[in-house]
Every structure is written in structure tokens, then in C-alpha cells.
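Participant: Using the working numbering, the letters of the sequence shown map in sequence onto residues 297 to 542.
Take a look at this one; I'll ask things after.
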Amino acid sequence: LMAKLSAQGVRMVFPALINALSTAQWRTKQAACELLGATAFCAPKVLAAALPTAVPALQTVLADPHAKVRASAEEALREIGQGAQAGSSSEFAKLAPILLAALASPDKQTAGALRAVAHTRFTQRLDSSSLSLLAPVLLRGLRGDNLAETKRRAAHIAGSLPALMKEQKDVAAVAPDMMPPLRALLADPIPEVRATAAKALGALVGGLGGAAAPEMRDSLRKAMADGTTAVERAGAALALVEVVKA
Numbered sequence: 297l298m299a300k301l302s303a304q305g306v307r308m309v310f311p312a313l314i315n316a317l318s319t320a321q322w323r324t325k326q327a328a329c330e331l332l333g334a335t336a337f338c339a340p341k342v343l344a345a346a347l348p349t350a351v352p353a354l355q356t357v358l359a360d361p362h363a364k365v366r367a368s369a370e371e372a373l374r375e376i377g378q379g380a381q382a383g384s385s386s387e388f389a390k391l392a393p394i395l396l397a398a399l400a401s402p403d404k405q406t407a408g409a410l411r412a413v414a415h416t417r418f419t420q421r422l423d424s425s426s427l428s429l430l431a432p433v434l435l436r437g438l439r440g441d442n443l444a445e446t447k448r449r450a451a452h453i454a455g456s457l458p459a460l461m462k463e464q465k466d467v468a469a470v471a472p473d474m475m476p477p478l479r480a481l482l483a484d485p486i487p488e489v490r491a492t493a494a495k496a497l498g499a500l501v502g503g504l505g506g507a508a509a510p511e512m513r514d515s516l517r518k519a520m521a522d523g524t525t526a527v528e529r530a531g532a533a534l535a536l537v538e539v540v541k542a
């Protein structure tokens with residue numbers, strides 16, 4: 297059934313499936329997971345359109361109290377990853393299982409997944425389906441409670457997205473989620489983390505065509521003036537330089 301859906305059909309069906317994941321009935325959630333996983337059998341373009349919605353939705357039930365729901369969510373992500381591999385570049389196809397493992401076990405697998413991405417030399421630009429697997433891992437890596445090297449790698453990769461992606465509209469879709477944690481890293485106690493986060497902010501603003509630059513400049517100037525610590529003010533200054541250069 298799912299294999300025959302068009303992109304329009306996916307858009308019509310997905311709201312009901314996403315809502316089903318929030319119900320109290322575990323069998324309903326399990327069935328929704330199975331149907332979301334079946335999007336792996338859709339045509340490549342349909343799968344690419346579905347992934348940005350399906351992956352975050354399935355992530356929400358990976359910690360479900362019912363074991364069968366968790367297992368269905370993990371299996372659905374595995375199927376989706378296999379589908380994404382089929383339509384991806386050879387480099388990203390190798391990364392997909394690693395990213396899926398990080399989605400399933402973020403505390404244990406995020407650092408290794410980011411290391412694998414950082415060490416990959418991409419010869420082809422990435423599409424939206426690839427970004428739907430990568431973006432949640434990046435966001436987890438940008439959290440302040442991670443090791444410094446994990447935060448630095450995540451910030452570096454986030455700043456590389458404008459150069460990695462085929463379509464800048466895909467960068468624009470994830471940038472609003474990336475910018476707040478990057479802003480928070482400007483106050484990180486490790487200088488290398490602050491510097492990398494500052495460069496990433498500049499790269500993202502530049503990748504958006506400068507549309508976000510005026511607001512970002514004003515916000516950073518305010519942080520330079522009103523920051524509660526010298527580290528916070530210094531980080532804002534670093535980022536302002538990068539945003540102005542962008």
C-alpha cells in the first residue's frame with residue numbers, strides 16, 4: 297500500500313500516522329510505526345519527501361515504555377535507513393546505518409557517528425533524505441552536556457551544511473533548529489568550541505543568502521554589550537565577525 301503512495305498521498309496520510317504515535321494504545325502506536333517504516337518502499341522522490349517528517353516522529357517513540365513499540369520504531373528506522381541508502385551517494389550509504397544507530401542510542405552512539413561523518417570525504421552533495429538522518433544527530437551533538445570534541449565536531453559539520461547540500465532550501469529548513477544550540481556554544485568554556493560555533497553561525501547565515509544576517513548581527517551586538525560573563529561576550533564577538541564576513 298505505502299509503496300504506491302505519491303508525494304501528495306504521503307502528505308495526506310502522515311498527519312494521521314503522526315497523531316497515532318501520541319495515543320495511549322500501544323497497538324495503535326506499533327501499527328503507525330510499521331506504516332511509517334513502510335515509506336522505505338516508496339519511490340525515491342516520495343521517500344525523500346517523507347523522511348523529514350518520518351524520522352523525527354519515530355524518534356519520539358524510541359523511548360516508549362512498551363517494548364513492542366520501541367522495537368517497531370527501531371525496525372521502522374532501519375527500513376527507512378535502507379531506503380535512504382538506496383537513493384544516496386555511496387559515501388552517505390555507508391554512513392546511514394551509523395546515523396540510525398545514533399538515533400536509536402543517542403547517549404552511546406552520537407560521538408562515534410559524528411566522528412564518522414567528519415572523516416568522510418563527500419564527492420556528491422546530499423539531498424533532503426540524507427539531511428533528515430544527519431540533522432537529529434547534529435542537534436544531539438550540539439548539546440552543552442557533551443564532550444568538547446563532540447560539540448566541536450557537530451558545530452563544524454553544521455557549518456559545512458551549505459557546502460554539502462544540493463538545495464539551500466534544505467539548509468534553510470534546519471537552520472532555525474541549529475542556530476540556538478550554536479548560539480549557546482558561544483559561551484562554552486572551551487575556546488575551540490566557541491570558535492567553531494562562531495564559524496558555523498557565519499556559514500549558516502551566509503548559506504541563507506544573508507536574510508538572517510541583520511537580526512543575527514543585532515542579537516550578537518546585544519550579547520557583546522549585555523553578556524553576563526567575559527566568555528559570553530568574547531564568543532558573541534567571534535560570531536559577529538563571522539556573520540559580518542558572510
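Glycine included, every Cβ here is placed at the ideal spot set by N, Cα and C.
On the criterion of 16 or more Cβ atoms from any shown chain inside 10 Å, does M308 qualify as buried, or is it exposed?
Facilitator: With fewer than 16 Cβ atoms within 10 Å of its Cβ, M308 is classed as exposed.
Participant: If you reduce the DSSP assignment to three classes, tell me which class T422 lands in.
Facilitator: Note that residue 422 is Leu in the sequence shown, not Thr. Strand, per DSSP.
Participant: Grab the span of the alpha helix (DSSP H) containing T406 for me, first residue to last.
Facilitator: Per DSSP, T406 belongs to the alpha helix (DSSP H) from P402 to A414.
Participant: Report back the beta-carbon spacing between L354 and L332 to the nearest angstrom; my notes put them in contact at under 8 Å.
Facilitator: Contact holds; Cβ gap of about 6 Å.
Participant: Would you decide whether T419 is buried or exposed? Buried here means 16 or more other CB atoms lie within 10 Å of its CB.
Facilitator: The residue in question, T419, is exposed, as its Cβ has fewer than 16 Cβ neighbours within 10 Å.
Participant: Using a 10 Å radius around the Cβ and a threshold of 16 neighbouring Cβ atoms, would you call G505 buried or exposed?
Facilitator: Burial call: exposed.
Participant: Do you know whose CA, among R439, E375 and L317, lies nearest V365's CA?
Facilitator: Here the closest residue by C-alpha is L317.
Participant: Between N442 and A450, is the Cβ-Cβ spacing less than 9 Å?
Facilitator: Yes, they are a contact pair.
Participant: Quick one: which unbroken alpha helix (DSSP H) runs of 4-plus residues sit fully inside the stretch 428–458? Chain order, please.
Facilitator: Qualifying alpha helix (DSSP H) stretches: none in this window.
Participant: So the alpha helix (DSSP H) D473 belongs to, where does it begin and stop?
Facilitator: Where D473 is concerned, the enclosing alpha helix (DSSP H) stretches over Q464 to L481.
Participant: Going by C-alpha distance, which of A519, E528, K518 and G502 is nearest V539?
Facilitator: Ranking A519, E528, K518 and G502 by Cα distance to V539 puts G502 first.
Participant: Short of 7 Å in beta carbon distance, which residues of its chain neighbour W322, apart from the five on each side in sequence? Order them along the chain.
Facilitator: Result list for W322: H362, K364 and V365, in chain order.
Participant: From the DSSP output, which residues share a beta bridge with M461?
Facilitator: In DSSP, M461 forms a bridge with L422.
Participant: Kindly indicate which three-state DSSP category I314 falls into: helix, strand or coil?
Facilitator: Reduced to three states, the DSSP call for I314 is helix.
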